[in-house]
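Colleague: Residue numbers (the working numbering): 430 to 610. Pasting a structure here, questions to come.
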């Protein structure tokens, strides 16, 4: 009896301690989630749009590109889509291109899903996962920021609030870095 009472006290103490650690642990701003990219230089990937037309990222040189890999079954992917579209609308007067690439689903499923979005024109397909396999390494969503020279500058895995002021600052900085050249 005394042994089980001590065990309960220890369990309560450990649970309380873990809850305290979880609550008091530092949280990261969305900008801190974006990691500087030191990997591949010039990027050119091919995808198709919902009409079957082929897109190459090099077609958008001179634009800042936000390349997002997603799937309709991925809750974090779906959760961040409104913020991605809002960000795209916010930068519509700049040379900014949102490229949301569905990873591995068939055209009809993606077409049906895209009807729920306010701007399905930014949706592209990688049905065979040929282009995305190199870039989607651990899970979805995964997003890359690509500068006007076609070089990846930042990447993030997981859901992000793309309308956070700190992320907008990073994107604006990418625009400014090429105004001075």
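Note that beta-carbon positions come from the ideal geometry of N, C-alpha and C, so glycine has one too.
(1) If you drop the 5 nearest sequence neighbours on each side, which residues of the same chain put their C-beta closer than 8 angstroms to that of residue 560?
(2) Give the C-beta separation of residue 648 and residue 491 to the nearest angstrom, bearing in mind that I take them to be a contact with Cβ-Cβ under 8 angstroms.
(3) Quick check on the burial criterion: 16 or more other C-beta atoms within 10 angstroms. Buried or exposed for residue 502?
(4) Which residue from 499, 498, 513, 493 puts its Cα closest to that of residue 593?
(5) Use the C-beta contact count for residue 563: other C-beta atoms within 10 angstroms, 16 or more gives buried, fewer gives exposed.
(6) What does a CB cutoff of less than 7 angstroms around residue 543 pick up in its chain, not counting 5 residues either side in sequence?
(7) Decide if residue 454 is buried, meaning its Cβ has at least 16 other Cβ atoms within 10 Å, or exposed.
(8) Would you report the Cα separation of residue 591 and residue 575, rounded to the nearest angstrom?
(9) Counting only the same chain and skipping the five closest in sequence on each side, list residues whose C-beta sits under 8 angstroms from that of residue 535.
(10) Tell me the residue span of the beta strand (DSSP E) that contains residue 531.
(11) Determine the contact status of residue 520 and residue 570, defining contact as a CB-CB distance below 8 angstroms.
(12) Taking C-alpha atoms, which residue in 485, 523, 558, 487 lies nearest to residue 597?
(13) Just how far apart, CA to CA, sit residue 600 and residue 493?
(14) Note down the Cα distance separating residue 538 from residue 525, rounded to an integer number of angstroms.
(15) Just how far apart, CA to CA, sit residue 586 and residue 487?
Modeller: In short:
(1) Indexing the chain shown from 1 puts residue 560 at position 131. Once the five neighbours on either side are set aside, the close Cβ partners of residue 560 are 474, 475, 476, 530.
(2) A query on residue 648 cannot be resolved here, the shown segment of the chain reaching from 430 to 610 and no further.
(3) Mapped onto the chain shown, residue 502 falls at position 73. With fewer than 16 other Cβ atoms within 10 Å, it is exposed.
(4) Taking the first residue of the chain shown as position 1, residue 593 is located at position 164. For the residues 499, 498, 513, 493, the minimum Cα distance to residue 593 belongs to 513.
(5) Looking up residue 563 in the chain shown gives position 134. Burial check for residue 563: the Cβ neighbour count within 10 Å stays below 16, so the residue is exposed.
(6) For the purposes of this step, residue 543 is identified with residue 114 of the chain shown, where counting begins at 1. Once the five neighbours on either side are set aside, the close Cβ partners of residue 543 are 479, 549, 552.
(7) Taking the chain shown and counting its residues from 1, the one referred to as residue 454 is at position 25. A caution first: residue 454 carries a pLDDT of 33, below 50, which makes its placement in the model too unreliable to give a value.
(8) As a first step, residue 591 is located in the chain shown; it is residue number 162 there, counting from the start. As a first step, residue 575 is located in the chain shown; it is residue number 146 there, counting from the start. Cα to Cα, residue 591 sits roughly 15 angstroms from residue 575.
(9) In the chain shown, residue 535 corresponds to position 106, counting from 1. 556, listed in sequence order.
(10) Your numbering for residue 531 matches position 102 in the chain shown. Segment 525-532, the beta strand (DSSP E) holding residue 531.
(11) Against the chain shown, residue 520 aligns to sequence position 91. Against the chain shown, residue 570 aligns to sequence position 141. No, the Cβ-Cβ distance between residue 520 and residue 570 is not below 8 angstroms.
(12) Start at 1 with the first residue of the chain shown, and residue 597 comes out as number 168. Of 485, 523, 558, 487, the residue nearest in Cα terms is 523.
(13) For the purposes of this step, residue 600 is taken as residue 171 along the chain shown, with counting starting at 1. For the purposes of this step, residue 493 is taken as residue 64 along the chain shown, with counting starting at 1. Roughly 8 angstroms between the two C-alpha positions.
(14) The residue you call residue 538 lines up with position 109 of the chain shown. The residue you call residue 525 lines up with position 96 of the chain shown. Distance between the alpha carbons of residue 538 and residue 525 is about 27 angstroms.
(15) In the chain shown, residue 586 corresponds to position 157, counting from 1. In the chain shown, residue 487 corresponds to position 58, counting from 1. Distance between the alpha carbons of residue 586 and residue 487 is about 23 angstroms.
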